[in-house]
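J.:
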Amino acid sequence: MDPLAFLAGAAAAAGVCAALPLYVRARRAERLADRLSEELAVERHAACHDPLTGLPNRRAFYQRGAALVGDPAVHPLVAVVLDVDGFKQINDMFGHSAGDEVLVTTARRLAEYAGSGLVARLGGDEFAGLLARRHDSPEEQADRLAEALAAPMPLGGQVVTVSVSVGLVPVEPDAHLADAVHRADAAMYRTKGTRRRPHLAGYTAFTQHQHVVHASLRLGKPRLPAEKESFPRPTTAT
């Protein structure tokens with residue numbers, strides 16, 4: 001064997017052995033950097049999104065919304081505030097998991113209705129949005145949105161229709177977002193004030209049924225056989 005070739009091969013092998021630990025450390029560093037980047041992205045997403053519905057949260061809504069209001073290219077806009085009618089009663093009668101389901105369904109329907117618009121969960125059962133203004137009046141647009149969100153949904157072993165109260169006002173390019181949201185919130189409460197009771201088709205009969213059962217338990221009376229129980233048919237409350 002040529003001594004020079006042997007020495008060259010040995011030197012190359014030694015170089016590879018020396019470089020291998022550096023390569024391993026570099027790969028470890030890359031994997032660590034990727035993991036930290038993913039964790040940072042998750043933390044950033046969590047900081048500006050609602051964990052239950054996945055919608056932007058209050059902080060993100062005001063940050064992104066202010067930029068939208070200040071951009072003349074996206075106008076005309078309307079500000080929307082809405083909440084779920086009778087949400088406390090839903091939690092009381094069906095349980096908090098059912099209440100969460102109502103919020104998730106409402107959020108999904110609101111996002112679908114908004115399309116490219118901005119929608120968010122402000123907290124509790126309250127949602128907000130910045131949507132494209134349509135040709136009809138704000139009242140008519142609010143009614144259409146309420147109808148879109150009020151489609152029947154399964155809840156507590158039955159199908160019910162959970163209504164929402166919507167407030168909607170036009171937003172001018174030089175408006176302050178907080179002022180627009182405040183006006184939409186006031187409009188929403190005016191709408192809610194015109195309702196005699198929450199619109200919960202299928203829910204009214206269920207609550208009356210529960211009240212009868214609870215009263216029987218308090219008085220120590222046995223529950224009536226199913227064939228003798230008589231409860232109102234589910235009706236659409238207005």
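Taking UniProt numbering, the leading residue of the sequence shown gets 1, the next gets one more, and so forth.
Idealized CB from N, CA, C, for every residue including glycine.
Please read these numbers as outputs of a predicted model, since none were measured by experiment.
Which residue or residues does DSSP assign as beta-bridge partners of T106?
T.: Your numbering for residue 106 matches position 106 in the sequence shown. Answer is none; T106 lacks a bridge partner.
J.: From G95 to F127, what distance separates their C-alpha atoms?
T.: Sequence index remark: in the sequence shown, residue 95 carries index 95 (1-based). Sequence index remark: in the sequence shown, residue 127 carries index 127 (1-based). Whole-angstrom Cα-Cα distance: 21 angstroms.
J.: With which residues is E126 paired in a DSSP beta bridge?
T.: Position 126 of the sequence shown holds residue 126. E126 pairs with D83, G123.
J.: Please classify D71: is it buried, with 16 or more other beta-carbons within 10 angstroms of its beta-carbon, or exposed?
T.: Here residue 71 refers to the residue found at position 71 of the sequence shown. With fewer than 16 Cβ atoms within 10 Å of its Cβ, D71 is classed as exposed.
J.: In the DSSP assignment, what are the bridge partners of A132?
T.: Residue 132 sits at position 132 when you count from the first residue of the sequence shown. Partner(s): L77.
J.: In the DSSP output, what is L168 paired with across the bridge?
T.: Residue numbering aside, residue 168 sits at position 168 when the sequence shown is read from its first letter. Answer is V80, bridged to L168.
J.: Which same chain residues end up closer than 7 angstroms to C17 when comparing Cβ atoms and leaving out the 5 residues on each side of it in sequence?
T.: Here residue 17 refers to the residue found at position 17 of the sequence shown. None.
J.: According to DSSP, is L155 helix, strand or coil?
T.: Taking the first residue of the sequence shown as 1, we reach residue 155 at position 155. DSSP places L155 in strand when its eight states are reduced to three.
J.: Using the beta-carbon count (16 or more within 10 Å), is D83 buried or exposed?
T.: Numbered from 1 along the sequence shown, position 83 holds the residue referred to as residue 83. When all chains shown are included, D83 counts as buried.
J.: Quick check on the DSSP output: the alpha helix (DSSP H) that includes A175 runs from which residue to which?
T.: Within the sequence shown, residue 175 is the residue found at index 175, counting from 1. A175 -> no alpha helix (DSSP H), and no H or E assigned at all.
J.: Under a three-way DSSP split, which group does T191 fall into?
T.: As a position in the sequence shown, residue 191 is number 191, starting the count at 1. Helix, per DSSP.
J.: Pairs of beta-carbons, one from the stretch 170 to 177 and one from the stretch 61 to 80, closer than 8 angstroms: are there three or more?
T.: yes
J.: Just the C-alpha distance for G55 and L20, rounded to the nearest angstrom, thanks.
T.: Here the question's residue 55 lines up with position 55 in the sequence shown. Here the question's residue 20 lines up with position 20 in the sequence shown. In the sequence on display, residue 55 carries Leu and not Gly. L55 and L20: Cα-Cα distance of roughly 47 angstroms.
J.: Any contact between the stretch 119 to 126 and the stretch 150 to 161? By contact I mean 3 or more CB pairs, one from each, below 8 angstroms.
T.: With a cut-off of 8 angstroms, the stretch 150 to 161 and the stretch 119 to 126 do not count as touching, because too few Cβ pairs lie within range.
J.: Can you tell me whether P51 is helix, strand or coil according to DSSP?
T.: In the sequence shown, counting from the first residue as 1, residue 51 sits at position 51. Three-state result, P51: coil.
J.: Going by CA-CA distance only, name the one from L32, V164, R190, V80 that's closest to Y62.
T.: Counting from 1 along the sequence shown, the entry for residue 62 is found at position 62. For the residues L32, V164, R190, V80, the minimum Cα distance to Y62 belongs to V80.
J.: Contact defined as beta carbons within less than 8 angstroms: I believe F87 pairs with D125. What is the distance between those atoms, to the nearest angstrom?
T.: Counting from 1 along the sequence shown, the entry for residue 87 is found at position 87. Counting from 1 along the sequence shown, the entry for residue 125 is found at position 125. Contact flag correct, Cβ pair sits at about 4 angstroms.
J.: Given this structure, state the Cα-to-Cα distance separating A187 from L52, to the nearest angstrom.
T.: What you label residue 187 is simply residue 187 of the sequence shown in a count that begins at 1. What you label residue 52 is simply residue 52 of the sequence shown in a count that begins at 1. Our two residues, A187 and L52, have alpha carbons roughly 26 angstroms apart in a direct line.
J.: What residue range is occupied by the uninterrupted alpha helix (DSSP H) comprising G70?
T.: Along the sequence shown, one-based indexing puts residue 70 at 70. G70 -> no alpha helix (DSSP H), and no H or E assigned at all.
J.: What separation, rounded to the nearest whole angstrom, lies between the Cα atoms of R190 and P154?
T.: Taking the first residue of the sequence shown as position 1, residue 190 is located at position 190. Taking the first residue of the sequence shown as position 1, residue 154 is located at position 154. Whole-angstrom Cα-Cα distance: 29 angstroms.
J.: With V164 and A146 assumed to form a contact (beta carbons below 8 angstroms), what rounded beta-carbon distance in angstroms separates them?
T.: What you label residue 164 is simply residue 164 of the sequence shown in a count that begins at 1. What you label residue 146 is simply residue 146 of the sequence shown in a count that begins at 1. Contact flag correct, Cβ pair sits at about 6 angstroms.
J.: In or out: residue 289 buried (at least 16 other Cβ within 10 Å) or exposed?
T.: No information on residue 289 is available, as it lies outside the stretch 1 to 238 that the chain covers here.
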